[in-house]
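Participant: Starting off with a structure, shown below.
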Amino acid sequence: MTITMYGITNCDTIKKARVWLESHDVAYRFHDYRVEGLEADRLDGWSGMVGWEILLNKASTTFRELSDEDKLSLDERKAKALMLAMPTMIKRPVLDLGDRILVGFKPDVYQQAVGGLK
């Protein structure tokens, strides 16, 4: 199984998740969506798995800088368009395990999900 981590290189949470994976000898590929972009189909798939509300990082600087009108009138269509246009609004990391994804980083969740995949 190929594991892919999606995020941006300079994110502190990404750095912690990468250190965890590497220290547990879990092979993965890193996809920086600032550099490589993110396809609408992939975002739709993730949204179908966990919901757009989980993917949208409302604590991000990018989200906080949106106008109040944009924040109040959010729906799935608009949120997806914003995340595609500004991927820094996607909660990080997104760890694609093939049949499911993990959003965010919690060591105990990673251990349960990928600890035995070495």
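Numbering (our numbering), first residue to last: -3 to 114. Each residue gets a CB set at the ideal place from its N, CA and C atoms; glycine is no exception.
The alpha helix (DSSP H) that contains F59, what's its start and end?
Facilitator: Looking at the DSSP string, the run of the alpha helix (DSSP H) that includes F59 is 57 to 60.
Participant: Which same chain residues end up closer than 6 Å to T0 when comparing Cβ atoms and leaving out the 5 residues on each side of it in sequence?
Facilitator: These residues qualify, in order along the chain: R25, H27, D92.
Participant: Assign G41 to one of three DSSP states: helix, strand, or coil.
Facilitator: In the structure shown, G41 sits in a helix (DSSP, three-state: H, G or I).
Participant: Would you grab the beta carbon distance between P83 and T9 for me? Rounded to a whole angstrom, and I think it's under 8 Å.
Facilitator: Their Cβ separation, rounded to whole angstroms, is 14 Å, which puts P83 and T9 out of contact at 8 Å.
Participant: Grouping DSSP H, G and I as helix and E and B as strand, with all else coil, what is M1?
Facilitator: M1: strand per DSSP, three-state reduction.
Participant: Determine the burial state of A75: buried for a count of at least 16 other Cβ atoms within 10 Å of its Cβ, exposed for fewer.
Facilitator: With 16 or more other Cβ atoms within 10 Å, it is buried.
Participant: Can you tell me where the beta strand (DSSP E) with I10 in it begins and where it stops?
Facilitator: That residue, I10, is in no beta strand (DSSP E); its alpha helix (DSSP H) goes 8 to 19.
Participant: Is K12 buried or exposed, if buried means 16 or more other CB atoms sit within 10 Å of its CB?
Facilitator: With fewer than 16 other Cβ atoms within 10 Å, it is exposed.
Participant: How many Å lie between W115 and W48 at the Cα?
Facilitator: Because the chain in this structure spans residues -3 to 114, residue 115 falls outside the shown range and cannot be described.
Participant: For L62, which option in M85, G100, M45, V99 has the closest C-alpha, if you only look at C-alpha atoms?
Facilitator: Selected option, being the one with the closest Cα: M85.
Participant: Are the CB atoms of L52 and M127 within a distance shorter than 8 Å?
Facilitator: There is no way to answer for residue 127, as the model of the chain reaches only from -3 to 114.
Participant: So which of T58, M45, H20 has the shortest CA-CA distance to D104?
Facilitator: Ranking the options by Cα distance to D104, first place goes to H20.
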